[in-house]
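Heads up: the sequence lines are chains A and B, in that order.
Using the working numbering, the first residue of the first sequence is number 538, and each one after it goes up by one.
Using the working numbering, the first residue of the second sequence is number 2, and each one after it goes up by one.
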Amino acid sequence: GAVVSQHPSRVICKSGTSVKIECRSLDFQATTMFWYRQFPKKSLMLMATSNEGSKATYEQGVEKDKFLINHASLTLSTLTVTSAHPEDSSFYICSARGYTTGNSYEQYFGPGTRLTVT
Amino acid sequence: DQQVKQNSPSLSVQEGRISILNCDYTNSMFDYFLWYKKYPAEGPTFLISISSIKDKNEDGRFTVFLNKSAKHLSLHIVPSQPGDSAVYFCACGSTLGRLYFGRGTQLTVWP
């Protein structure tokens, strides 16, 4: 149980275009979803937290107009990178938290999406 | 400001021996602690967790120890296996809040 999927796993796009990444909780209802970005040799950087049906809360320094997050249902959240630039190239990972084993604290991570902007 | 620190970027252990990964945190409000394992180009995988009301939690070869007074937790893997080679992240958080991650420790288990 507690499986989280992400799609696509890899995407290459041209500078100036937008890219949408989907995150789905497959076997549980995710009350909260998180979006992270991982830089080489660094920890996971939390970008934003989203609760189903409400606006995402962005971490300091993350542009909300550039990284659009929608948490439309208890099993789906999307991250759209708008007007992508090469510096947006990174590994984006989502995680979901919900009542899976009677414990709501654990976050389960998706497999990640490698974005390359050319 | 790094609230969660893993001071050893790497650890090398022989197969069959114990691996001990350490983590320190600064926020006394944290009441839930987790360890994740991560392979390159994959998302982290949940390993084991512990709440602040306990000082030890065991799951198979993995044991997490929590020392609240020292704000320190550790992950013990025994016996270590080559398949355990990965980056291990420590994560700390408070009730239903966000998690704060350390920078990870690369564990290499050699035959």
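We put the CB at the ideal spot given by N, CA and C, even for glycine.
Computed from a predicted model, the values in this text were never measured in an experiment.
Could you say which of the options lies nearest to residue i if we only look at CA atoms?
i: Ala593 (chain A); options: A:Thr617, A:Phe576, A:Pro577; result: A:Thr617
i: Trp111 (chain B); options: B:Ser86, B:Lys69, B:Asn28; result: B:Ser86
i: Tyr89 (chain B); options: B:Arg18, B:Phe31, B:Ile54, B:Tyr40; result: B:Tyr40
i: Val599 (chain A); options: A:Asn607, A:Met584, A:Cys550; result: A:Met584
i: Gly44 (chain B); options: A:Val540, A:Tyr595, A:Val654; result: A:Val540
i: Leu605 (chain A); options: A:Ile549, A:Arg547, A:Ser542, A:Glu559; result: A:Glu559
i: Ser714 (chain A); options: A:Gly553, A:Gly649, A:Ser562; result: Only positions 538 to 655 of chain A appear in this structure, which leaves residue 714 (chain A) out of reach.
i: Ser95 (chain B); options: A:Gln644, A:Asp625, A:Lys551; result: A:Gln644
Name the two residues that bound the continuous beta strand (DSSP E) containing residue i.
i: Lys601 (chain A); result: Where Lys601 (chain A) is concerned, there is no enclosing beta strand (DSSP E), given that its DSSP letter is neither H nor E.
i: Asp25 (chain B); result: 20-26
i: Asn58 (chain B); result: 57-60
i: His73 (chain B); result: 73-78
i: Gly113 (chain B); result: Summary: the structure shown does not reach residue 113 (chain B), with chain B confined to residues 2 through 112, and so no result is reported for it.
i: Gly635 (chain A); result: 627-635
i: Asn588 (chain A); result: 581-588
i: Val14 (chain B); result: 11-15
i: Arg104 (chain B); result: No beta strand (DSSP E) holds Arg104 (chain B); DSSP gives it neither H nor E.
Can you list, in chain order, the residues of its chain with a C-beta nearer than 7 Å to that of residue i? Leave out the 5 residues immediately preceding and following it.
i: Tyr137 (chain B); result: Since the first residue shown for chain B is 2 and the last is 112, residue 137 (chain B) is missing from the structure and cannot be characterised.
i: Ala567 (chain A); result: Leu611, Thr612, Ala633, Arg634, Gly635
i: Ser555 (chain A); result: Thr617, Val618, Thr619, Ser620, Ala621
i: Ile21 (chain B); result: Ser75, His77
i: Gln82 (chain B); result: Glu16, Val110
Leaving out five residues on either side along the sequence, give the residues of the same chain with a beta carbon under 8 Å from the beta carbon of residue i.
i: Lys57 (chain B); result: Ile51, Thr64, Val65, Phe66, Leu67
i: Ser53 (chain B); result: Phe31, Asp32, Tyr33, Phe34, Leu67, Lys69
i: Ile19 (chain B); result: His77, Ile78, Val79, Pro80, Ser81
Looking only at its chain, what residues have a beta carbon closer than 6 Å to the beta carbon of residue i, apart from the 5 residues adjacent to it on each side?
i: Leu581 (chain A); result: Tyr573, Gln575
i: Asn23 (chain B); result: Ser75
i: Lys38 (chain B); result: Thr46, Leu48, Ala87, Tyr89
Self-check item: chain A contacts from the region 13-28 of chain B (Cβ-Cβ distance under 9 Å)
Solution: none
Practice problem: For the region 42-61 of chain B, enumerate the residues whose C-beta is nearer than 9 Å to any C-beta of chain A, in chain order. | Solution: From the region 42-61 of chain B, only Ala42, Glu43, Gly44, Pro45, Thr46, Phe47, Ser50, Ser52 have a Cβ closer than 9 Å to chain A.
Exercise. Could you please tell me which residues of the region 580-602 of chain A, in chain order, have their CB closer than 8 Å to any CB of chain B?
Key: Ser580, Leu581, Leu583, Thr586
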